[in-house]
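Participant: This is the structure I have questions about; it appears just below.
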Amino acid sequence: MTGQSAVNHSQALRRVLVANRGEIAVRVITTCRRLGIETVLTASDADAYSLPARLADQVIRIGPASATASYLNVDAVVGAAVAAGADAIHPGYGFLSENARLARACAAAGIVFIGPDARTLEAAGDKLAARAHATAAGLPVLPGGDIELAGGDIEHSDPRVIALAERIGYPVLVKAAGGGGGRGLRVVREPAELGHAVSVASAEAAAAFGDPRVYLERYVERGRHVEVQLLGDGQRVIHLGDRDCSVQRRYQKLIEEAPAPDLGSDLRERLRAAAVALGVHLGYRGAGTVEFLLDTARGEFCFLEVNARIQVEHPVTEAITGMDIVAEQLSIAEGRPLRLRQEDVTFAGHAIECRIIAEDPDRDFRPSPGTITRAVFPAATMYPGYGLVRGAADAAAGIGGSVRVDTHVQARSAVPAYYDSLLAKVIAHGGDRDGALAVLSGALDRCALDGVTTNVAMQRAIVADPEFRAGGVTTDYLARYLAGREDGGAGRG
Amino acid sequence: MELTNEDVADILALLDSLPYDELDLRTDRFRLTLRRTPTDGWTQERQDLVDPVPLGSGTPVTPDHDISVMSEPGQSGEPGQSGEAGLVAVVAPLPGTFYRSPRPGAAPFVEVGDAVTADTVVAIVETMKLMNSVPAGTPGRVARIDAENGQFTPLGSTLILIEPDP
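Just so you know, the sequences run in chain order Z and P. Going by the numbering used here, the first sequence opens with residue 263, and the numbers climb by one from there. Going by the numbering used here, the second sequence opens with residue -15, and the numbers climb by one from there.
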């Protein structure tokens, strides 16, 4: 920790509106409580008796179950913050977390938005703008380009679109300019599919983000998804190391780890430096992540996107650094300079996170909303903000390594059909990757969730799979693994 | 003050040094069960019971409805049955939000009177951010649309009624 040299207009936060739900709401409330900051949670009608609602100091209802009428309603969220007398809004991830309109509305109401400023959100949230910024900051980007809109509609038969795709080379990926989360994405393998893919992606993007703009980028079949965690205070930017999130299904991450395995120190340093360069270029303030697509065979990487918020997988970084990223977000939001220099950030061991979701892998990942009747998790021996000491002490005491569980479900919890299917994250930390895998395997064995169908068994099987255990799988791994499981029957599962 | 993560970790560290295999703590505010497993790790079952405190009231609220009710299967009957003679119900395959058209502003998949095959997509039910296409299931004509666009439909509830081909 460094001493503070500059005296800013820092203002201690006393009361924070947590404008989210699920496990991230629990996560934010936990750190606020530890720091003595009061929390007021926004809850939709479907979440009135959720675990975060029970844990928050107070709860304010912001609307019916449908997210567009509640968690995505900027006016309702700002209105709730004003009514609650909150100093700040923590938006979590998803929903309004990267919404520049919310950031501006907060500024207008004299409320601190815990995240980057509206200008940065616009630069990062618009994928086309982010590509341009990455290029300006000297980062390599995938070959690609935008598609002209004619009268608000995509002119997909436009010969220029076909020419652009030819120039990029097939397969190409049609991506939405306005958002992420796997929506508005289409892989196109031959020219005949292009027109249809562009219209479908554009329609999906319009429905999901209110922005029909799409662009084309080269589709890399076998890359690794590696990202770098950043913290910035508007003046200085540091990184908290890298993560590998290559185990994905339809662009949804299922297993993440830190550090990214087998990168080689040269490539790792170049990735981290590139992410910091982009953060500096943006004058980044807050916590954020720069995502890259990595071609390990060639030792090359390309910029993918910036996520201007806390991410689902942040606990693996906390596990190897002993830091509490939410606490750093709050400190930065209070107007303080970064509390750490780059050389103060140290890394210990390896951490892996499995997402436990209410989906049935045996029925094409069919969602399984319902009511939890029983929720058994491995007893946690590691928490954000307690550093590495407790985990190490527990490992020494033979409790079985360091395990953390971030969840919003307990017996009798409702798992509403209105929201995403994430139930819990099981995070294991070990002295090295093999150690983390051993801890993770034992931790998953101790998970038992009744009342809804989950992917716990599939996660156990992946963690036992030799290819995953070897480390460094590419983004096509999970699809291949699942296909092999169907063909090979029980032998592999 | 409720049980913190640190409290649980302290209890666990203490318990691990003792010869006991299970701890069951129950108060008005929480339940905590810690169990030693054969593989030497511990499991944890925790239930926070404090009712949410509405802003400004200072007192917990008492649940005014069954929180699980939204995800209960509907009572509307199985596919192939319906309250009306000769009509076949297309039911929600999952609990979720019913949409009549592929995206906002687009034309509905079907209108009353339209001919459908078993594979004709007649609606979308959005569950956990996934769009699930709903096929008619029966060749015939659309006789009635029972659910309202944008409405939450429980599992198995009737969305549309089909008059099957003779």
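Where a beta carbon is used, it is the ideal one built from N, C-alpha and C, also for glycine. On a predicted model such as this, the values are computed, not experimentally measured, just so you know.
#1: Identify the continuous alpha helix (DSSP H) that holds H576(Z) and give its terminal residues.
#2: F790(Z): which of E553(Z), P523(Z), C709(Z) sits nearest, CA to CA?
#3: Is it true that the CB of P521(Z) sits closer than 8 angstroms to the CB of D504(Z)?
#4: Rounding to the nearest angstrom, what Cα-Cα distance links A698(Z) and F627(Z) in this structure?
#5: Could you spell out where the alpha helix (DSSP H) holding A398(Z) opens and where it closes?
#6: So if I threshold CB-CB distances at 9 angstroms, which residues from the stretch 12 to 39 of chain P count as touching chain Z?
#7: Using 8 angstroms as the threshold, is the stretch 310 to 325 of chain Z in touch with the stretch -1 to 9 of chain P, meaning 3 or more CB pairs across them?
#8: Can you tell me whether DSSP reads Q491(Z) as helix, strand or coil?
#9: What number of angstroms, rounded off, separates the C-alpha of A371(Z) from the C-alpha of E590(Z)?
#10: Can you give me the Cβ contacts of L711(Z) inside the same chain, cut-off strictly under 6 angstroms, excluding the 5 residues immediately before and after it?
#11: Counting C-beta neighbours from all protein chains within 10 Å, is the total for G97(P) 16 or more, i.e. buried, or is it exposed?
#12: Bridge partners of S117(P), per DSSP?
#13: In the stretch 301 to 331 of chain Z, which residue ranges form an unbroken beta strand (DSSP E) of at least 3 residues, counting only runs that do not cross its ends?
#14: Apply the 10 Å Cβ neighbour rule to E748(Z) and answer buried if 16 or more other Cβ atoms are within range, or exposed otherwise.
#15: Which first and last residues belong to the alpha helix (DSSP H) in which D337(Z) is found?
#16: Quick one, are the C-beta atoms of R534(Z) and V499(Z) less than 8 angstroms apart?
#17: Would you list the residues sitting across from L7(P) in a DSSP beta bridge?
#18: For H352(Z), which three-state DSSP category applies?
#19: Any beta-carbon of chain Z closer than 8 angstroms to the one on A(-7)(P)?
#20: Can you tell me which of F609(Z), P433(Z), A438(Z) puts its alpha carbon nearest to the alpha carbon of V482(Z)?
#21: Starting from the Cα of A537(Z), find the closest Cα among V568(Z), G561(Z), I517(Z) and give me that residue.
#22: With distance defined between alpha-carbon atoms, name the residue in R598(Z), M644(Z), L544(Z) nearest to R381(Z).
#23: Hey, could you find the ends of the beta strand (DSSP E) P421(Z) is sitting in?
#24: Report the neighbours of R125(P) on chain Z: residues whose CB is nearer than 9 angstroms to its CB, in chain order.
#25: Contact criterion: CB-CB distance below 8 angstroms. Does F639(Z) meet it with respect to chain A?
#26: Could you tell me which of L33(P), L143(P), L(-13)(P) sits nearest to V118(P), measuring between CA atoms?
#27: Determine the direct distance from the alpha carbon of A127(P) to that of C709(Z), and round the result to whole angstroms.
#28: Going by DSSP, which residues form a beta bridge with L435(Z)?
#29: Could you tell me the alpha carbon to alpha carbon distance between G124(P) and Y83(P), rounded to whole angstroms?
#30: Three or more C-beta pairs closer than 8 angstroms, one from the stretch 290 to 300 of chain Z and one from the stretch 586 to 604 of chain Z: is that the case here?
#31: Which value, in whole angstroms, describes the spacing of the CA atoms of I324(Z) and G341(Z)?
#32: Mind pulling the chain Z residues with CB within less than 8 angstroms of N(-11)(P)?
#33: How long is the line joining the alpha carbons of A654(Z) and V488(Z), rounded to whole angstroms?
#34: Taking L9(P) as the query, report the chain Z residues whose CB atoms sit under 8 angstroms from its CB, ordered along the chain.
#35: Does T142(P) have its Cβ less than 8 angstroms from a Cβ in chain Z?
#36: For the candidate residues D420(Z), V450(Z), A348(Z), Q510(Z), whose alpha-carbon lies nearest to that of G431(Z)?
Facilitator: Based on what the coordinates show:
#1: Per DSSP, H576(Z) belongs to the alpha helix (DSSP H) from 576 to 583.
#2: With chain Z covering only 263 through 755, there is no way to say anything about residue 790(Z).
#3: Yes, the Cβ-Cβ distance between D504(Z) and P521(Z) is below 8 angstroms.
#4: When rounded, the distance between both Cα atoms is 27 angstroms.
#5: Counting along the chain, the unbroken alpha helix (DSSP H) around A398(Z) starts and ends at 389 to 398.
#6: Residues of the stretch 12 to 39 of chain P with a C-beta less than 9 angstroms from any C-beta of chain Z: R15, T17, L18, R19, T21, T23, D24, G25, W26, T27, Q28, E29, R30, Q31, D32, L33, V34, D35, P36, V37, P38, L39, listed in chain order.
#7: Under the three-pair Cβ rule at 8 angstroms, the stretch 310 to 325 of chain Z does not count as touching the stretch -1 to 9 of chain P.
#8: Strand.
#9: For the pair A371(Z) and E590(Z), the Cα-to-Cα distance works out to about 23 angstroms.
#10: The answer, listed in chain order, is A637.
#11: By the Cβ neighbour-count rule, G97(P) is exposed, with fewer than 16 other Cβ atoms within 10 Å of its own.
#12: Beta-bridge partners assigned by DSSP to S117(P): I108(P).
#13: Secondary structure remark: continuous beta strand (DSSP E) runs of at least 3 residues inside the stretch 301 to 331 of chain Z, in chain order: 320 to 325.
#14: So E748(Z) ends up on the exposed side.
#15: Run containing D337(Z): 336 to 346, per the alpha helix (DSSP H) assignment.
#16: No. Outside cutoff.
#17: Beta-bridge partners assigned by DSSP to L7(P): L18(P).
#18: Strand at H352(Z).
#19: Interface residue, yes.
#20: Among F609(Z), P433(Z), A438(Z), the Cα nearest to that of V482(Z) is on P433(Z).
#21: Taking only the C-alpha atoms, the option nearest A537(Z) is V568(Z).
#22: Selection R598(Z), M644(Z), L544(Z) evaluated against R381(Z) yields L544(Z) as nearest (Cα-Cα).
#23: Per DSSP, P421(Z) belongs to no beta strand (DSSP E); it is in the alpha helix (DSSP H), 421 to 430.
#24: Going along chain Z, no residue has its Cβ under 9 angstroms from R125(P), so there is no contact; the nearest lies around 28 angstroms.
#25: Here the protein chains are Z and P, and chain A is not one of them.
#26: Closest by alpha carbon: L143(P).
#27: Spanning the two alpha carbons is a distance of roughly 47 angstroms.
#28: For L435(Z), which the question treats as bridged, DSSP gives the partners V449(Z), E479(Z).
#29: Rounded to the nearest angstrom, the gap between the Cα atoms of G124(P) and Y83(P) is 21 angstroms.
#30: Yes, the stretch 290 to 300 of chain Z touches the stretch 586 to 604 of chain Z.
#31: Rounded to whole angstroms, I324(Z) to G341(Z) spans 9 angstroms at the Cα level.
#32: Near N(-11)(P) (Cβ distances below 8 angstroms), the residues of chain Z are T292, A642, Y645.
#33: In this predicted model, A654(Z) has a pLDDT of only 46, less than 50, meaning its place in the structure is not dependable; the value taken from the coordinates is given anyway. Roughly 27 angstroms separates the two Cα atoms.
#34: Going along chain Z, no residue has its Cβ under 8 angstroms from L9(P), so there is no contact; the nearest lies around 13 angstroms.
#35: Output row for T142(P): interface = no.
#36: Nearest of D420(Z), V450(Z), A348(Z), Q510(Z) to G431(Z), Cα basis: V450(Z).
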